[in-house]
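Heads up: the protein sequence lines correspond to chains A and B, in order.
Taking our numbering, the leading residue of the first sequence gets 8, the next gets one more, and so forth.
Taking our numbering, the leading residue of the second sequence gets 8, the next gets one more, and so forth.
Glycine is no exception: its CB is placed at the ideal position from the N, C-alpha and C atoms.
Just so we're clear, the structure is a prediction, and the values are computed from it rather than from any experiment.
Report on the following structure.
2 protein chains.
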Amino acid sequence: MTGNKTRTQYEARARVIKAMAHPSRLLIIDELNRRERCVHELTEIVGTDISTVSKHLSVLKNAGIVTDEKRGVMVYYRLRVPCILNFFGCVESVLKQAAKDSLSVVG
Amino acid sequence: MTGNKTRTQYEARARVIKAMAHPSRLLIIDELNRRERCVHELTEIVGTDISTVSKHLSVLKNAGIVTDEKRGVMVYYRLRVPCILNFFGCVESVLKQAAKDSLSVVG
DNA sequence: TCATTCCTTGGCCAATTTGCCAAACGGCCC
DNA sequence: GGGCCGTTTGGCAAATTGGCCAAGGAATGA
Chain A
8 MTGNKTRTQY EARARVIKAM AHPSRLLIID ELNRRERCVH ELTEIVGTDI STVSKHLSVL
68 KNAGIVTDEK RGVMVYYRLR VPCILNFFGC VESVLKQAAK DSLSVVG
Chain B
8 MTGNKTRTQY EARARVIKAM AHPSRLLIID ELNRRERCVH ELTEIVGTDI STVSKHLSVL
68 KNAGIVTDEK RGVMVYYRLR VPCILNFFGC VESVLKQAAK DSLSVVG
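Next comes the structure, spelled out in structure tokens:
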């Protein structure tokens, strides 16, 4: 029964994946892969309102993808699971394949 | 924008990831990794209305994750990019880490 | 204490997503 | 043609998301 994967497990996975499914959050993940960053820095990089970035970060944090650490007035975020980046390699494969067949995803 | 990646590229990636970000679609991907399946079979596995499954499949297809092939009356779907599955390994890492800190994602 | 800086939260609105039902489409066989 | 089966599409309601603005902490320094 629980032999393999339950619906609950798929839901858990989906929550993690969903947390990544936004351009700004992907940008944030990419940036945090380089080094930790405070919210203010990320806001400049992303280019939207700081409240919006803060909400994106809380989505990522809630999904277990990033951690935060308060040092003084600043809150520094960093990636919690480095392998997230391999992930992107695969997504690129999809996009490359899609490009061959000129699907609309490639945008 | 800081790096060599444009917003457009992040949007393309997000579209692919977003297409995966649903429990039923993850289940479908997992199943298609075993072997190709027609819509009717997938409907039994997923357990929702066939029209709902069909829409999930069109999301996956549009993202370049699956292909379909009509043979007679049936439409068979299969994975287009096998590495999608490695992807899950990483998601599991996230969940495992999250479990350690008992975050809510694990649900 | 007060002001400043950094960040988070609440409120609101527009846009998107998900599910079902019902209807349409497309092969196939009689 | 007519009927059946497998699949897709349209339409609708409920729920979720993403963005901004404004207000609410929390740490620091004057």
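C-beta neighbour in chain A for cysteine 97 of chain B, strict 7 Å: Taking the second sequence and counting its residues from 1, one reaches residue 97 of chain B at position 90. It does; some Cβ of chain A falls within 7 Å.
Neighbour flag for leucine 64 of chain A against chain B, beta carbons, 7 Å: In the first sequence, the residue the question calls residue 64 of chain A occupies position 57. Proximity of leucine 64 of chain A to chain B, defined by a Cβ-Cβ separation below 7 Å, is not satisfied.
Nearest-angstrom Cβ-Cβ length linking valine 98 of chain A and cysteine 45 of chain A, presumed shorter than 8 Å: Within the first sequence, residue 98 of chain A is the residue found at index 91, counting from 1. Within the first sequence, residue 45 of chain A is the residue found at index 38, counting from 1. About 27 Å separates the two Cβ atoms, so there is no contact after all.
C-alpha gap between isoleucine 24 of chain B and arginine 42 of chain B, whole angstroms: In the second sequence, the residue the question calls residue 24 of chain B occupies position 17. In the second sequence, the residue the question calls residue 42 of chain B occupies position 35. Between isoleucine 24 of chain B and arginine 42 of chain B, the C-alpha separation is close to 22 Å.
Where leucine 39 of chain A falls, given that 16 or more other Cβ within 10 Å makes a residue buried: Translated into the one-based positions of the first sequence, residue 39 of chain A becomes position 32. Leucine 39 of chain A comes out buried.
Span separating the alpha-carbon of leucine 86 of chain A from that of isoleucine 36 of chain A: As a working mapping, residue 86 of chain A is identified with position 79 in the first sequence. As a working mapping, residue 36 of chain A is identified with position 29 in the first sequence. Approximately 7 Å, taken between the alpha carbons.
Bounding residues of the beta strand (DSSP E) (the contiguous stretch that carries valine 115 of chain B): There is no way to answer for residue 115 of chain B, as the model of chain B reaches only from 8 to 114.
Span separating the alpha-carbon of glutamine 16 of chain A from that of glycine 79 of chain A: Translated into the one-based positions of the first sequence, residue 16 of chain A becomes position 9. Translated into the one-based positions of the first sequence, residue 79 of chain A becomes position 72. Rounded to whole angstroms, glutamine 16 of chain A to glycine 79 of chain A spans 38 Å at the Cα level.
Identity of the residue in B/Lys68, B/Met27, B/Ser31, B/Cys90 nearest threonine 59 of chain B by Cα: Taking the first residue of the second sequence as position 1, residue 59 of chain B is located at position 52. Of the candidates B/Lys68, B/Met27, B/Ser31, B/Cys90, the one whose C-alpha sits nearest the C-alpha of threonine 59 of chain B is B/Ser31.
Backbone CA spacing between glutamine 104 of chain A and lysine 77 of chain A [nearest angstrom]: As a position in the first sequence, residue 104 of chain A is number 97, starting the count at 1. As a position in the first sequence, residue 77 of chain A is number 70, starting the count at 1. Answer to the nearest angstrom: the Cα atoms are 42 Å apart.
Members of the region 11-22 of chain B near chain A, C-beta cut-off 9 Å: Of all residues in the region 11-22 of chain B, Lys12, Arg14, Thr15, Gln16, Tyr17, Glu18, Ala19, Arg20, Ala21, Arg22 have a Cβ within less than 9 Å of some Cβ in chain A.
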